[in-house]
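Everything on this sheet refers to the single structure shown next.
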Amino acid sequence: MRSMTAEPRFLADEMLGSLARWLRVMGYDAEYARDMRDDDILRRAVEEGRTLLTRDRELARKAGERGMLLHSDDGVEQLEEVVRQFDLVFNEERTRCTLCNRDLVPIGPEEASERVPPRVLERHREFLSCPSCGRVYWKGTHWAGICAHVNEAIRRASANRGPH
Ligand SMILES: [Zn+2]
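In structure tokens:
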């Protein structure tokens, strides 16, 4: 039964930076533990109420209920594992900065004009910006590929869910 309280939050270990970025694309709060000792990673997961995502069996064991052991090496399959475990959905309107995990804020074309190429400005009116790193996002041609990756993970998760 899915909890009606807070959405799941994640902390990906060093080997799973790419998975963290995909979770951010989907709209979930996913931090990435880089250059941290296991004890510090575990403490952070507990303090911030995050599920620790790891491919390290020992670390997953130490994390107990706070941990999730990922089985696959493959990016889509890893995302599928997390989607299936937590019933994640693709919150297209809530995509976070893939670099720093911050919520994005809408900005107008004027504000974006200094930070995106002219050909992009000609074709798009809606932009999102990260308040932390300043990166500008827009749903250009690359967005279809991003959606395809996420939707493939969701499709497989539901196909492989099976009876519990
Ligand atoms: Zn950012």
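Those letters in the sequence shown? Residues -5 to 158, per the numbering used here, in order.
For each residue, glycine too, the CB sits at the ideal point set by N, CA and C.
Range of the contiguous beta strand (DSSP E) that encloses residue i
{"i": "V99", "result": "99 to 101"}
{"i": "L5", "result": "4 to 6"}
{"i": "G21", "result": "No beta strand (DSSP E) contains G21, which DSSP labels as neither H nor E."}
{"i": "L63", "result": "61 to 63"}
C-alpha gap between residue i and residue j, whole angstroms
{"i": "G128", "j": "R38", "result": "26 Å"}
{"i": "L82", "j": "N145", "result": "11 Å"}
{"i": "H136", "j": "A57", "result": "37 Å"}
{"i": "T89", "j": "L17", "result": "9 Å"}
{"i": "P125", "j": "L93", "result": "12 Å"}
{"i": "A170", "j": "R149", "result": "Residue 170 falls outside the range modelled here, since the chain spans only -5 to 158, and no answer is possible."}
{"i": "T48", "j": "C91", "result": "21 Å"}
{"i": "R44", "j": "R3", "result": "5 Å"}
{"i": "D50", "j": "L63", "result": "7 Å"}
Contacting residues, own chain, Cβ-Cβ under 6 Å from residue i (five flanking each side not counted)
{"i": "N85", "result": "G21"}
{"i": "W132", "result": "H118, F121"}
Cβ neighbours of residue i in the same chain (closer than 7 Å, five flanking residues each side left out)
{"i": "D29", "result": "none"}
Residue of the options minimising C-alpha distance to residue i
{"i": "E52", "options": "D68, I35, E42, R44", "result": "I35"}
{"i": "S12", "options": "N154, I140, R155, A151", "result": "I140"}
{"i": "R31", "options": "Q79, S152, V110, E8", "result": "E8"}
{"i": "V40", "options": "V76, R60, N154, D67", "result": "R60"}
Same chain, Cβ closer than 8 Å to residue i, five either side skipped, listed in chain order
{"i": "L115", "result": "P103, A106, S107"}
Any non-hydrogen atom of ligand 2 closer than 6 Å to residue i Cβ
{"i": "S66", "result": "Looking at this structure, you won't find ligand 2 anywhere; what it does contain is ligand 1."}
**OP:** Please list the segments of the beta strand (DSSP E) lying wholly inside the segment 86 to 131, counting only runs of 3 or more residues, in order along the chain.
**Re:** The segment 86 to 131 contains, as complete beta strand (DSSP E) runs of 3+ residues, the segments 99 to 101, 121 to 123 (chain order).
Subject >> beta strand (DSSP E) runs wholly inside the segment 30 to 54, at least 3 long, in chain order >> reply: 45 to 48
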